[in-house]
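For what it's worth, UniProt numbering labels the leading residue of the sequence shown as 1, then goes sequentially. Note sheet for the following structure.
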Amino acid sequence: MAAASKRQAARPRAESDSPAHAWAPPAPGSPVASPVAAESFLGDLGFGLTDAGTWRRPGESDAGPPPQLLLEVEGHEEGRGHTWYVLGCSLEEARGARRTWKVRRRLAQLRDVLHGSARDALGGDLYGELFARTPFASRGAPAGTTERLRAWCKTLAKCINDGKAPPMLVALTLQFLQVPAALEEDAAQGGAGAPPAAAGVHVKSDTAPVV
1 MAAASKRQAA RPRAESDSPA HAWAPPAPGS PVASPVAAES FLGDLGFGLT DAGTWRRPGE
61 SDAGPPPQLL LEVEGHEEGR GHTWYVLGCS LEEARGARRT WKVRRRLAQL RDVLHGSARD
121 ALGGDLYGEL FARTPFASRG APAGTTERLR AWCKTLAKCI NDGKAPPMLV ALTLQFLQVP
181 AALEEDAAQG GAGAPPAAAG VHVKSDTAPV V
């Protein structure tokens with residue numbers, strides 16, 4: 001009986017066990033701790049850069065279209081005294097390989113990390129121009145918060161897909177969303193050919209640590 005309890009305690013907890021995955025701000029050694037680290041992290045995901053802070057333009061060397069991010073706020077749920085927003089994510093490369101996953105985040109996390117980083121990285125003027133029609137959700141989560149988050153996240157994804165977001169913002173966004181290291185086609189084959197997981201990025205949403 002004691003052995004069974006010990007095995008149960010050691011079992012990796014699935015996403016259904018908890019409304020949220022563990023997430024912490026970037027630390028030294030994480031994929032976005034520095035521009036150089038972010039460049040390597042993004043390169044493994046199929047993004048082309050000429051240096052740590054500059055996107056490779058189509059026509060430069062063998063540069064192709066960058067991966068396209070889909071970020072959809074699917075709804076929200078209550079758990080452990082908080083509201084958690086369910087984010088459906090997809091990252092598709094030009095050759096058709098795709099990663100799909102889901103994470104759950106609190107409004108405060110979305111505001112402090114994604115919203116705050118977007119404003120800092122884009123600057124007040126450009127941010128105001130790009131997000132003029134999709135302002136971020138108000139504090140306190142009043143009625144309509146999910147709809148505002150949905151519209152804001154779609155604008156962020158469009159900003160990334162159009163190449164208007166700098167590499168550091170894209171790297172931080174994908175780390176915050178816990179992008180899987182393995183492509184769907186690789187996962188179906190047991191991970192053969194998948195790029196190595198970058199430090200600080202959880203490989204599978206259903207096996208990531210939870211809080």
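C-beta: ideal position from N, C-alpha, C; glycine also. These numbers were taken from a predicted model, which means no experiment stands behind them.
Asked: Taking C-alpha atoms, which residue in A97, L114 and L42 lies nearest to F131?; Found: L114
Asked: Looking at the strands, I want to know which residues DSSP matches up with V36.; Found: None, per the DSSP bridge assignment.
Asked: Report the option in G163, V36, R56 and R119 whose CA atom is closest to the CA atom of W152.; Found: R119
Asked: What does E78 pair with, by DSSP beta-bridge criteria?; Found: T83
Asked: On the DSSP letters alone, give me the boundaries of the alpha helix (DSSP H) that D51 sits inside.; Found: Careful: D51 lies outside any alpha helix (DSSP H), inside the beta strand (DSSP E) at L49 to D51.
Asked: List the DSSP bridge partners of C89.; Found: L71 and W101
Asked: Would V36 be called buried (16 or more neighbouring beta carbons within 10 Å of its own) or exposed?; Found: exposed
Asked: So, are the CB atoms of L172 and S90 less than 7 Å apart?; Found: no
Asked: I'd like to know if T83 contacts chain C, where contact means its C-beta is closer than 7 Å to some C-beta of that chain.; Found: Protein chains in the displayed structure number just one, and chain C is not present.
Asked: For T83, which residues from the same chain have a beta carbon less than 8 Å from its beta carbon, with the 5 sequence-adjacent residues on both sides left out?; Found: H76, E77, R106, L107 and A141
Asked: For R95, which of helix, strand or coil comes out of DSSP?; Found: coil
Asked: Would you identify the three-state DSSP class for W23, choosing helix, strand or coil?; Found: Confidence in W23 is poor, its pLDDT being 47 and thus under 50, which makes the residue's placement too unreliable to answer from.
Asked: Just the C-alpha distance for L45 and R57, rounded to the nearest angstrom, thanks.; Found: 17 Å
Asked: Out of curiosity, what's the CA-to-CA distance linking P166 and L42?; Found: 11 Å
Asked: Buried or exposed for T54, going by 16 or more other Cβ atoms inside 10 Å?; Found: exposed
Asked: When the Cα atoms are used, what is the spatial distance from R111 to L70?; Found: 19 Å
Asked: With H, G and I counted as helix, E and B as strand and the rest as coil, what does DSSP make of T54?; Found: strand
Asked: In the DSSP assignment, find the alpha helix (DSSP H) that holds Q175 and state where it starts and stops.; Found: P167 to F176
Asked: When we look at the beta-carbon of T155 and count the other beta-carbons within 10 Å, is it buried (16 or more) or exposed?; Found: buried
Asked: Kindly identify the DSSP beta-bridge partner or partners of R106.; Found: W84
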